[in-house]
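What follows is a short report on a single structure.
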Amino acid sequence: MAENEKDIDEHSGVETTGHTWDGIKELNNPLPRWWLITWYICIAISIVYMVLMPAWPGIHGYTKGLRNHSERANVAAAMADLEAGRNETLKKLLLVESVGDIEQDSELLQLSMAAGASLFGDNCATCHGSGGQGFVGYPNLIDDDWLWGGTFAAIQQTLQHGVRADDPETRINLMLAYGRDGMLPREQISDLVEYVTSLSGGEADAQAVARAAPIFAQNCASCHGADGKGIQAQGAPNLTDAIWLYGGERKNIRETLQNGRGGVMPAWTSRLSDEQIVALAVYVHSLGGGE
Amino acid sequence: MSQTHTLIEDGIPAVAREAAVGVERVDVEAVNSAPKRELYKAREPIYPKLVHGKFRMLKWVVLFATLGVYYALPWLRWARGPGEPDQAVLVDFPGQRFYFFFIEIWPDELYYVTGLLILGALALFLATALFGRVWCGYTCPQTVWTDLYIAVERLVEGDRNKRMRLAAAPWSANKISKKLTKHSLWILIAMATGGAWVFYFHDAPTILPQLLLGRAPMSAYLFMGILTLTTYIFAGFMREQVCTFMCPWPRIQAALTDEETLQVTYREDRGEPRGAHKKGDSWDGRGDCISCRACVAACPMGIDIRDGAQLECINCALCIDACDDIMKKIDRPTGLIAYDTDKNRTLRAAGKKETFNLVRPRTILYAFVLGLVAVMITYGLSQRATIELNVLRDRTPPFVQLSNGAIRNAYTVKILNKSNETRTLVLTVDAPEGAQISAIGETVEGGKIQLNPESDAIHSIRLFVTLSQTSITKSSIPVTISILDPQSGEEAVNPTVFLSEGK
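Pasting the structure below:
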């Protein structure tokens, strides 16, 4: 076939591309018009787009386009808007006289429960568990036993200033390492283990308990009380109930006496707004243990 | 067929412009007829000629009725009480409600919409089994808007011949002004179509000024834009191609019609042999069809009904009006093209009497299922609960031990008040003997809590059930939570359990 000479297929009357495979020729039908028009529109749009929007990457940046569009900046602005809107709604929570009043107001209660649930999931669940059930060393928030008190005010203060946190008003208590620091000999610690076990109704060696009574009065009663029921103002746990933060078996009690204990809860004032802390306090109070 | 007929049908001499006395033969080709069908072919424009008659009138009535309903419905008000929207038909996405006059549906009741779609499908089946593609011919939005667009086109550019001349004419001020007027009117109609759609999703009197002032939400403009564009393109340019190439209905209908379905039919037994009729000629020994092609000129689908049933035919019946008009002129009985059944054609061919049989196993089945679904939906709506109760038992942890050794379970109880008034309801917790029941922010007396849930909303409360170790008999104890409206006696019950480690 000569150059520049059209090869017309005799059956369809359509020009072929001139390519032949095993005697089969390819028809050179024109592209559908709607397809071509769409394609030209796409080209036109892409040129307009390149002028208006960020398009070409460079070595030290990219072409910004006339509209100076930035999706990252849009997201940041949208998030700020959202946050501002939320805070506006949550501000209502600061208008009540005491946090306890929120539970009596259906609208404020539903609001703080919704906000509290999401804040709890983001900030608290890592240590206290998604349902507030806690783990060994991390207090259970849904039972009725509290180290520092379960009233609205007490929960709010713990949230604001934390425990052993980097905050001037933080809550501090101290369980000494009686064994490790050599404050009590080994035999007396063994007797104390029996004594503490007996406090919560466990079976214990009566002789050891009798021997430990004066040791308890001298070393432990100042924080845990003469009857072992704890003093919330000092964050000293009740030793007579069924709840144990670090476990209630003899080996756990021995470890506590030997090495001491001291968990840390961060102060949240710097990270959460006042409204958010109120919402969280109401949520934690409602988990079941609120006093 | 005699030679005369062949001559007239195949190659008409320039002098034979008359199909009969006083009836000019229309110079028209059925551009979409089956014999001319090709795989790769540019669309040939169709210029449907205006006809007059009972079916054209019926189509005008249906057009105004359907468009009237579409444009007016969102403006209809329906009082529902304070705080509730007063729009009769409203799909409220932000509020998660669907309102239809006295019916209000929550998202968990979307099956009613499914029921409505099933109802629509069955009604379509029944109508098709009885009367063929009446949906396509009269009520389909594509047909209605195309009809409206053609009416506008006719108003601006004139009827068939004028439109064809204008299309062929070189560009002039007159042509530009006519095209400009036509397209402006089309775009206005398209925008009104898209705009009216938006009214179904917002309060119409509120959104209209917002739409005009550019203050409506982006989604409103997006949907208005999409519908404006599709209306303009589908009704203005694509027209019959939408029915033939995009719509599945022409393919489905073959399975829904039978030989007793009334369809727009050319009665070839009466019409053939066709041919021009000269003055003074006898009608004996020939058919009534005078090959005037009025039926082809009237067809918006570009087909020749005389080729028989074909998938392009939307059964709009305009060819019936066109043909009847001619039959009256030549003093022959009307109904050469008419609603007819395949069975009757066979009966007539055999010299038997015609029968019309609307009640057939197929139509009985469709009507029965249609009625059944309608009754189910009506019953469901009449028995629709206005209170619902959902109990979500805390799972992490399933239970918690208290300082005195007692076990407590926590439940989030959600009460759905689907009525339009704040009501006084009583929540009852049926727990084993000795259980302590408490709820955040509520007073519990004898296992009962009095609640005042807001109208048309979900009220959520947190409930605690505590059992002492001595009251626990097994690891899973049934607890029943129920809610009662003492006024109406309506009740919702939700069984749940109290979990513990057991004895």
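Protein chains in written order, with my numbering: chain A, 1 to 291; chain B, 1001 to 1503. We put the beta carbon where it would ideally sit given N, CA and C, even for glycine.
Sequence-distant residues of the same chain with beta carbon closer than 8 Å to residue i, five excluded per side
{"i": "B:E1490", "result": "A1385, T1386, I1387, L1484"}
{"i": "B:D1325", "result": "V1051, H1052, G1053, A1294"}
{"i": "B:R1169", "result": "The sequence given here has Ala at residue 1169 of chain B, not Arg. K1175."}
{"i": "A:S12", "result": "L27"}
{"i": "A:P15", "result": "In the sequence as displayed, the identity of residue 15 of chain A is Glu instead of Pro. Counting only Cβ-Cβ distances below 8 Å, and skipping sequence neighbours, we find K6, D7, I8, D9, L27, N28."}
Contact check, residue i vs residue j, beta carbons under 9 Å
{"i": "A:G235", "j": "A:L147", "result": "yes"}
{"i": "B:L1507", "j": "B:Y1200", "result": "Residue 1507 of chain B lies beyond the residue range present for chain B, which begins at 1001 and ends at 1503; the question has no answer from this structure."}
{"i": "B:P1432", "j": "B:T1473", "result": "yes"}
{"i": "A:C220", "j": "A:L192", "result": "yes"}
{"i": "A:E194", "j": "A:A177", "result": "no"}
{"i": "B:P1397", "j": "A:G129", "result": "yes"}
{"i": "B:I1290", "j": "B:M1301", "result": "no"}
{"i": "A:A242", "j": "B:N1404", "result": "yes"}
{"i": "B:T1341", "j": "B:T1261", "result": "yes"}
{"i": "A:T197", "j": "A:G116", "result": "no"}
{"i": "B:R1077", "j": "B:A1088", "result": "yes"}
{"i": "B:V1152", "j": "B:L1185", "result": "yes"}
{"i": "B:K1059", "j": "B:A1297", "result": "no"}
{"i": "B:V1264", "j": "B:G1137", "result": "yes"}
{"i": "B:W1135", "j": "B:W1249", "result": "yes"}
Cβ-based neighbour list, residue i, same chain, cut-off 7 Å, excluding 5 preceding and 5 following
{"i": "B:T1412", "result": "L1392, S1460, R1462"}
{"i": "B:E1454", "result": "N1417, T1422"}
{"i": "B:S1468", "result": "A1406, G1434"}
{"i": "A:T63", "result": "P54, A55, W56"}
{"i": "B:G1287", "result": "R1270, G1271, E1272, P1273, R1274"}
{"i": "B:Y1047", "result": "R1160, R1163, M1164"}
Close-in-space but distant-in-sequence residues of the same chain around residue i (CB under 6 Å, 5 per side omitted)
{"i": "B:G1308", "result": "none"}
{"i": "A:E291", "result": "G150, T151"}
{"i": "A:M175", "result": "G260, R261"}
{"i": "B:Q1003", "result": "For B:Q1003, the predicted structure reports a pLDDT of 37, less than 50, and the residue's modelled location is therefore unreliable. The matter cannot be settled from this model."}
{"i": "B:E1312", "result": "N1032, T1244, M1301, I1303"}
{"i": "A:H224", "result": "G230, A236, L239"}
{"i": "B:I1118", "result": "V1373"}
{"i": "B:D1147", "result": "L1063"}
Opening and closing residue of the beta strand (DSSP E) in which residue i lies
{"i": "B:E1018", "result": "1018-1020"}
{"i": "A:Q258", "result": "Where A:Q258 is concerned, there is no enclosing beta strand (DSSP E), although the alpha helix (DSSP H) it sits in stretches over 250-259."}
{"i": "B:N1409", "result": "1407-1417"}
{"i": "B:N1390", "result": "1387-1393"}
{"i": "A:G308", "result": "Since the first residue of chain A shown is 1 and the last is 291, residue 308 of chain A is not available in this structure."}
{"i": "B:V1091", "result": "1089-1092"}
{"i": "A:W21", "result": "16-21"}
{"i": "B:A1338", "result": "1337-1340"}
{"i": "B:P1478", "result": "1476-1484"}
First through last residue of the alpha helix (DSSP H) which encompasses residue i
{"i": "B:K1175", "result": "1173-1199"}
{"i": "A:N219", "result": "206-219"}
{"i": "A:Q157", "result": "152-161"}
{"i": "B:K1329", "result": "1318-1329"}
{"i": "B:L1213", "result": "1204-1213"}
{"i": "B:L1227", "result": "1218-1233"}
Residue i CB to nearest heavy atom of the ligand HEM below 8 Å
{"i": "B:R1267", "result": "You won't find the ligand HEM in this model; it holds no ligand whatsoever."}
Checklist entry - Can we say the region 1163-1174 of chain B touches the region 1124-1138 of chain B, given the rule of at least three CB pairs closer than 8 Å? => result Short answer: they don't touch.
Checklist entry - Contact between the region 1176-1186 of chain B and the region 1149-1158 of chain B: three or more CB pairs below 8 Å? => result yes
Checklist entry - Which residues, in order along the region 128-147 of chain A, keep a beta-carbon less than 8 Å from a beta-carbon of chain B? => result G129, S130, G131, Q133, N140, I142, D143, D144, D145
Item to check | Chain-ordered residues of the region 1388-1401 of chain B with a beta carbon less than 8 Å from chain A | outcome: D1394, R1395, T1396, P1397, V1400, Q1401
Item to check | Given 8 Å, three or more beta-carbon pairs between the region 157-173 of chain A and the region 265-277 of chain A | outcome: Result yes; three or more Cβ-Cβ pairs closer than 8 Å.
Checklist entry - Does the region 172-183 of chain A touch the region 273-286 of chain A, meaning 3 or more C-beta pairs lie closer than 8 Å? => result no
Item to check | At least three beta-carbon pairs within less than 8 Å, the region 1301-1316 of chain B to the region 1030-1037 of chain B | outcome: yes
Checklist entry - Any chance the region 1323-1337 of chain B sits against the region 1138-1146 of chain B, with 3 or more Cβ pairs inside 8 Å? => result no
Item to check | Within 9 Å of chain B by C-beta, residues of the region 226-242 of chain A in sequence order | outcome: N238, T240, D241, A242
Checklist entry - Listed from N- to C-terminal order along the chain, which residues in the region 1408-1425 of chain B have their beta-carbon within a distance smaller than 8 Å of any beta-carbon of chain A? => result R1408, A1410
Next on the checklist: Beta carbons nearer than 9 Å to chain A: which residues of the region 1101-1120 of chain B have them?
Outcome noted: Contact annotation: in the region 1101-1120 of chain B, no residue has its CB less than 9 Å from a CB in chain A.
Next on the checklist: I want to know whether the region 1224-1238 of chain B touches the region 1189-1200 of chain B - three or more CB-CB distances under 8 Å.
Outcome noted: Under the Cβ criterion (8 Å, minimum of three pairs), the region 1224-1238 of chain B counts as touching the region 1189-1200 of chain B.
Next on the checklist: When you compare the region 1370-1382 of chain B with the region 1099-1115 of chain B, are there three or more beta-carbon pairs, one atom per stretch, that lie closer than 8 Å?
Outcome noted: Yes, the region 1370-1382 of chain B touches the region 1099-1115 of chain B.
Checklist entry - How about the region 1202-1211 of chain B and the region 1252-1268 of chain B: do they share at least three Cβ pairs that are nearer than 8 Å? => result no
Checklist entry - the region 1449-1475 of chain B: which residues have C-beta closer than 7 Å to a C-beta of chain A, in chain order? => result S1460, R1462, F1464
Checklist entry - For the region 271-283 of chain A, which residues have a CB atom closer than 8 Å to at least one CB atom of chain B, in sequence order? => result none
Item to check | Residues of the region 106-127 of chain A with Cβ closer than 8 Å to any Cβ of chain B, in chain order | outcome: S106, L109, Q110, M113
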